[in-house]
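Student:
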Amino acid sequence: MTITIDTNDVMTIQSVGMRALKKALGAEGTKVFLRQNARRAGDYTKEKYEIPEPSLDEIVEEMRKLDKDEIDRAEGKI
Numbered sequence: 238m239t240i241t242i243d244t245n246d247v248m249t250i251q252s253v254g255m256r257a258l259k260k261a262l263g264a265e266g267t268k269v270f271l272r273q274n275a276r277r278a279g280d281y282t283k284e285k286y287e288i289p290e291p292s293l294d295e296i297v298e299e300m301r302k303l304d305k306d307e308i309d310r311a312e313g314k315i
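Just remember that our numbering sits 237 ahead of the position in the sequence shown, which is counted from 1.
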């Protein structure tokens, strides 16, 4: 279901957003999500350009590491 909301109405956006979070994550998941995001500070739009984008090789290497860790966990090595 899609609803149309006035993006200038901050209270409605917050209310609809909270309901969506609770529906998707449940009360406990919503609490964890909000706690994680409340810790963030700074200007994301500015800061995202200060951290260099990973290369394709770095992304593939990280994916291989994650796959190896998952296999090791499944085999009881970790």
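Glycine included, each C-beta is placed from N, C-alpha and C at the ideal position.
Closest to LEU258 by C-alpha separation, out of ILE288, LEU271, TYR286, ALA275, would be which residue?
Tutor: Comparing Cα-Cα distances from LEU258 to each of ILE288, LEU271, TYR286, ALA275, the minimum goes to LEU271.
Student: What is the DSSP secondary structure of ASN245, counted as helix, strand or coil?
Tutor: If DSSP states are grouped into helix, strand and coil, ASN245 belongs with coil.
Student: Could you tell me the boundaries of the alpha helix (DSSP H) in which ILE308 lies?
Tutor: Residues 293-311.
Student: Please state whether the Cβ-Cβ distance between ILE315 and ASP304 is less than 8 angstroms.
Tutor: Taking 8 angstroms as the Cβ cut-off, ILE315 and ASP304 do not qualify as a contacting pair.
Student: Just the C-alpha distance for ILE308 and ILE242, rounded to the nearest angstrom, thanks.
Tutor: Whole-angstrom Cα-Cα distance: 45 angstroms.
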